[in-house]
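In my numbering, the protein residues as written are 96 to 503. All residues carry an ideal CB built from backbone N, CA and C; glycine is no exception. Because the structure is a prediction, the values reported are computed rather than measured. What follows is a set of notes on a single structure, which appears directly below.
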Amino acid sequence: MQNVYTVGQINSYIKNMFAQDFLLQELSVKGEVSNCKYHSSGHIYFTLKDGKGTISCVMFAGNRSGLTFRMSEGMQVIVSGTIDVYERDGKYQMYARKIRQDGAGELYERFERLKQELLERGMFAPEYKKPIPRFVRTVGVVTAPTGAAVRDIINISSRRNPYVQIILYPAIVQGEAAPASIIKGIRMLEQKQVDVMIVGRGGGSIEDLWAFNEEAVAQAVFDCSIPVISAVGHETDTTIIDYVADLRAPTPSAAAELAVYDVSILLGQLDGYKSMLNRHMQGMIALNRARLSTLDVRLKNNSPMGRIREKRTYAISLEERLGTLIRNKINNNRHRLAIYIERLKGLSPLDKLNQGYSYVADEAGRTVTDIDRVCVGDRLQIHVKNGRIEAEVTAKHSADEQIMMQGD
Numbered sequence: 096m097q098n099v100y101t102v103g104q105i106n107s108y109i110k111n112m113f114a115q116d117f118l119l120q121e122l123s124v125k126g127e128v129s130n131c132k133y134h135s136s137g138h139i140y141f142t143l144k145d146g147k148g149t150i151s152c153v154m155f156a157g158n159r160s161g162l163t164f165r166m167s168e169g170m171q172v173i174v175s176g177t178i179d180v181y182e183r184d185g186k187y188q189m190y191a192r193k194i195r196q197d198g199a200g201e202l203y204e205r206f207e208r209l210k211q212e213l214l215e216r217g218m219f220a221p222e223y224k225k226p227i228p229r230f231v232r233t234v235g236v237v238t239a240p241t242g243a244a245v246r247d248i249i250n251i252s253s254r255r256n257p258y259v260q261i262i263l264y265p266a267i268v269q270g271e272a273a274p275a276s277i278i279k280g281i282r283m284l285e286q287k288q289v290d291v292m293i294v295g296r297g298g299g300s301i302e303d304l305w306a307f308n309e310e311a312v313a314q315a316v317f318d319c320s321i322p323v324i325s326a327v328g329h330e331t332d333t334t335i336i337d338y339v340a341d342l343r344a345p346t347p348s349a350a351a352e353l354a355v356y357d358v359s360i361l362l363g364q365l366d367g368y369k370s371m372l373n374r375h376m377q378g379m380i381a382l383n384r385a386r387l388s389t390l391d392v393r394l395k396n397n398s399p400m401g402r403i404r405e406k407r408t409y410a411i412s413l414e415e416r417l418g419t420l421i422r423n424k425i426n427n428n429r430h431r432l433a434i435y436i437e438r439l440k441g442l443s444p445l446d447k448l449n450q451g452y453s454y455v456a457d458e459a460g461r462t463v464t465d466i467d468r469v470c471v472g473d474r475l476q477i478h479v480k481n482g483r484i485e486a487e488v489t490a491k492h493s494a495d496e497q498i499m500m501q502g503d
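As structure tokens, then:
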């Protein structure tokens, strides 16, 4: 009886056959990338294909450290690794340990050398970058006349602003004739005096995009007096003109968005300005009407008769105020005079004399306040309230002598 095997046994046997094949343990396969997926775990799953077949491939996260570029659909690569069987599914696939772009090594070195040379010449300097006009009327496009790039640019530009004119120069964008064609397109659109220029094409391999890495093309972009937006390939693709151009767009669609202002936004802003202007005008009209009403009232009040009445009333008011001020002034001065009179009464010698006091003066009229200033026999004048008494000093006694006499 013929032996019967399980599916697992067959898959294990085939896996063992792959493991014993020396060729399959270390080989390199060239092909085009398809169905490339970057998993959240860090693994990369993709299919490698050519005109005669396909093979599934996986690069585990642990081997990605040597991968210096991001793989995309249609990219030509050389994958080095092992071909083995995945027992659970019974499928064989290639386990990649190293991936490099096919033919990109030499081109990449040329790219880096030219990039460094142009950098040293100052062609990437920001001070040479021209600003992109905000509102454009004509957009020049240097790209292939067919393909997704030109369709995307036309569709997006028309949607954002249907009034913008697009002038297309149908350039050759791949192959030996591409650099001269691109340069001619830049110069012709410059002569047309377009407002802004888009130079680019759709995605592809480094070989497909190489025309945009040529020094002559970079120089034409640098010398162009019209602002240039580069739009070559996909977001991950980088070419020399991306550094030289006044602005780099990640895709042709993005270039159209950067070059053409969305007219709906402008119309919305204009509507907003219109509403704001109307509100402002209505406010100014209401304010001026109120001012006119006020001026009308003031004009009526400022008529000649009205002014006379106002001045007459004002004169009467001033007269009353003046009379009040004069009366208050007189009363205040009378009060102050009475106070001064009372103060003078207290200081008047005559008042003191009326109270029984007198004062004594010598013959020269000097007031005598000390017994030492007179001598026995001197003539004195004694002033009382109703006259003067002439007297002669017959004796004088000090205050101490009077106290002693009183004590005796």
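{"Asked": "Buried/exposed call for Ala490, threshold 16 Cβ in 10 Å", "Found": "exposed"}
{"Asked": "Close beta carbons around Gly185, own chain, < 6 Å, minus the five adjacent residues each side", "Found": "Asn106"}
{"Asked": "Inter-residue spacing [alpha-carbon to alpha-carbon] between Pro38 and Ala385", "Found": "Any question about residue 38 goes unanswered here, given that the chain covers just 96 to 503."}
{"Asked": "Per-residue burial, Cys152 [other beta carbons within 10 Å of its own, 16 or more giving buried]", "Found": "buried"}
{"Asked": "Supposed close pair Ile248, Ala351 - CB separation, criterion 8 Å", "Found": "5 Å"}
{"Asked": "Residues bridged to Asp457 (per DSSP)", "Found": "Leu475"}
{"Asked": "Burial state of Arg183, where buried means 16 or more other Cβ atoms lie within 10 Å", "Found": "exposed"}
{"Asked": "For Gly295, the residue or residues it bridges with in DSSP", "Found": "Ala326"}
{"Asked": "Reference Leu304; option with closest CA among Lys287, Ile324 and Ile335", "Found": "Ile335"}
{"Asked": "Gly298 burial status per 10 Å Cβ neighbour count (16 or more: buried)", "Found": "buried"}
{"Asked": "Leu417 versus Arg407: straight-line alpha-carbon distance, rounded", "Found": "15 Å"}
{"Asked": "Nearest to Arg232 (by Cα), restricted to the options Tyr368, Arg402 and Val259", "Found": "Val259"}
{"Asked": "Range of the contiguous alpha helix (DSSP H) that encloses Gln288", "Found": "It is not in any alpha helix (DSSP H) - Gln288 carries neither H nor E in the DSSP assignment."}
{"Asked": "Start and end residues, beta strand (DSSP E) containing Phe141", "Found": "Ile139 to Asp145"}
{"Asked": "Cβ-Cβ distance between Asp197 and Ile173 below 8 Å", "Found": "yes"}
{"Asked": "Straight-line Cα distance separating Glu271 from Gly103", "Found": "55 Å"}
{"Asked": "Residue interval of the alpha helix (DSSP H) (run including Tyr338)", "Found": "Ile335 to Val339"}
{"Asked": "Residue environment, Met112, which counts as buried when at least 16 other CB atoms sit within 10 Å", "Found": "exposed"}
{"Asked": "Supposed close pair Asn308, Phe230 - CB separation, criterion 8 Å", "Found": "That belief does not hold up - the Cβ atoms of Asn308 and Phe230 are roughly 33 Å apart, past 8 Å."}
{"Asked": "Local Cβ density within 10 Å of Ala114, reported as buried at 16 or more and exposed below that", "Found": "exposed"}
{"Asked": "C-beta atoms of Ile267 and Ala354 nearer than 8 Å", "Found": "no"}
{"Asked": "Backbone secondary structure at Gln269 - three-state DSSP", "Found": "coil"}
{"Asked": "Inter-residue Cα distance where the pair is Asp457 and Val471", "Found": "12 Å"}
{"Asked": "Pairwise C-alpha distance: Thr149 and His134", "Found": "21 Å"}
{"Asked": "Of the residues Met154, Asp116, Ala156 and Glu168, the one placed nearest Asp145, counting alpha carbons only", "Found": "Glu168"}
{"Asked": "Simplified DSSP assignment, three categories, for Met96", "Found": "Its pLDDT being 49, under 50, Met96 is placed unreliably by the model, and the measurement read from it follows with that caveat. Met96 falls in the coil class under three-state DSSP."}
{"Asked": "Pick from Met154, Gly126 and Asn130 that is closest to Gly138, judged by C-alpha positions", "Found": "Residue identity differs from the one stated: residue 138 is His in this sequence, not Gly. Comparing Cα positions, the closest option is Met154."}
{"Asked": "Nearest-angstrom beta carbon gap, Ala340 and Ser325 [assumed within contact, 8 Å]", "Found": "4 Å"}
{"Asked": "For Val180: DSSP bridge partner residues", "Found": "Tyr187"}
{"Asked": "Residue environment, Gln371, which counts as buried when at least 16 other CB atoms sit within 10 Å", "Found": "For clarity, residue 371 is Met in the given sequence; the question names Gln instead. Under this definition Met371 is an exposed residue."}
{"Asked": "Presumed contact (8 Å Cβ cut-off) between Val327 and Met292, rounded CB distance", "Found": "Rounded, the Cβ-Cβ distance is 14 Å, inconsistent with contact."}
{"Asked": "Alpha carbon of Thr101 to alpha carbon of Tyr108, nearest angstrom", "Found": "11 Å"}
{"Asked": "Bridge-paired residues (DSSP) for Tyr133", "Found": "Ile139"}
{"Asked": "Identity of the residue in Ile421, Leu122, Arg468 and Ser412 nearest Gln188 by Cα", "Found": "Leu122"}
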